[in-house]
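Numbering (my numbering), first residue to last: 2 to 182.
Beta carbons are placed, not taken as given, at the ideal position from N, Cα and C, and that holds for glycine.
Here the structure is a predicted model, which means the values were calculated and not measured.
Report on the following structure.
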Amino acid sequence: MLAGAAATALIAVSMIPADASAQRQRTIVGEQYVPTIWVDPDGCEHWVIDNGIEGYMTPNRTRDGRPVCNRANTCLVESADTLFATGSHRLRPGATERLGEFFRNNGASAFVVYGHTDPRGGFEYNMRLSENRARTVANVAIRSGGYVATARGFGPLHPVASNDSADGMAQNRRVEILCVR
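Encoded structure:
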């Protein structure tokens with residue numbers, strides 16, 4: 002029996018690699034984690050860290066454990082026709098100054114910017130256009146000293162009027178700014 006145990010031990014020891022370097026752990030290099038704050042539909046803040054594949058999120062809380070929640074209201078709806086030329090996300094002359102003054106004098110702790118289009122031009126095109134327009138307006142807010150919680154394009158998904166008339170489509174081409182207080 003002792004000989005059997007010794008043989009088993011000898012087999013187990015022979016399976017261990019002779020070179021300890023074979024057991025080194027692999028280090029993954031090059032992943033970038035991006036910290037941000039996400040505001041949920043109720044206005045509550047969540048701290049997020051994400052690398053694009055996986056991430057971590059936790060509610061932002063005060064020292065006494067209460068969640069940090071703010072109220073957001075629509076504080077500006079601007080016609081995309083007055084801000085941008087057709088099919089463009091470059092601001093018209095004077096629009097940057099007008100928006101900058103709005104962001105500087107508003108007093109909100111954060112802004113949420115939504116871009117909208119009418120359905121002409123195709124879905125993918127309008128999603129990209131509305132996203133680019135929202136980002137353009139958000140960049141004005143940032144350059145004016147404002148904090149932008151999110152900027153998002155909805156394309157033709159959230160119309161406020163019928164798209165059966167030119168007037169209705171004009172109402173749907175808009176940028177909405179929510180003020181978080």
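Review point. Rounded to the nearest angstrom, how far is the Cβ of S131 from that of G146, given a contact under 8 Å?
Key: In the sequence shown, residue 131 corresponds to position 130, counting from 1. In the sequence shown, residue 146 corresponds to position 145, counting from 1. S131 to G146, Cβ: 25 Å. No contact.
Point to revise | R175 versus I38: straight-line alpha-carbon distance, rounded | key: Position 174 of the sequence shown, counted from the first residue, corresponds to residue 175. Position 37 of the sequence shown, counted from the first residue, corresponds to residue 38. If you take the alpha carbons of R175 and I38, they lie about 26 Å apart.
Practice item. Let me know the beta strand (DSSP E) ranges lying completely inside the stretch 111-158, each 3 residues or longer, listed in chain order. Key: 111-117 and 149-154
Review point. Since T75 sits in a beta bridge, which residues does DSSP pair it with?
Key: What you label residue 75 is simply residue 74 of the sequence shown in a count that begins at 1. Paired residue(s): L179.
Check your understanding: If we call anything under 8 Å between Cβ atoms a contact, is P157 one with N127?
Key -> Sequence index remark: in the sequence shown, residue 157 carries index 156 (1-based). Sequence index remark: in the sequence shown, residue 127 carries index 126 (1-based). It is a contact, given that the beta carbons lie within the stated cut-off.
Practice item. Using a threshold of 8 Å, state whether the C-beta atoms of Y57 and S110 are closer than that. Key: Within the sequence shown, the letter at position 56 stands for residue 57. Within the sequence shown, the letter at position 109 stands for residue 110. No, Cβ-Cβ distance for Y57 and S110 is not below 8 Å.
Review point. At which residues does the alpha helix (DSSP H) containing D168 begin and terminate?
Key: Locating residue 168 in the sequence shown gives position 167, where the first residue counts as 1. Its alpha helix (DSSP H) spans residues A167 to N173.
Check your understanding: Could you give the distance in angstroms between the alpha-carbon of S89 and the alpha-carbon of G154?
Key -> Position 88 of the sequence shown, counted from the first residue, corresponds to residue 89. Position 153 of the sequence shown, counted from the first residue, corresponds to residue 154. Approximately 14 Å, taken between the alpha carbons.
Check your understanding: Excluding sequence positions up to five away, which residues of its chain have a Cβ less than 8 Å from the Cβ of C1?
Key -> The structure shown has nothing for residue 1, since the chain only spans 2 to 182.
Check your understanding: Looking at R99 and R182, is the spacing between their C-beta atoms short of 8 Å?
Key -> Your numbering for residue 182 matches position 181 in the sequence shown. Your numbering for residue 99 matches position 98 in the sequence shown. Going by C-beta atoms, R182 is not nearer than 8 Å to R99.
Exercise for review: Return helix, strand or coil for L3, following the three-state DSSP convention.
Suggested key: Taking the sequence shown and counting its residues from 1, the one referred to as residue 3 is at position 2. The predicted position of L3 is uncertain, since its pLDDT is 47 and thus under 50; a value taken from the coordinates is nonetheless stated next. In this structure, L3 counts as helix in the three-state DSSP scheme.
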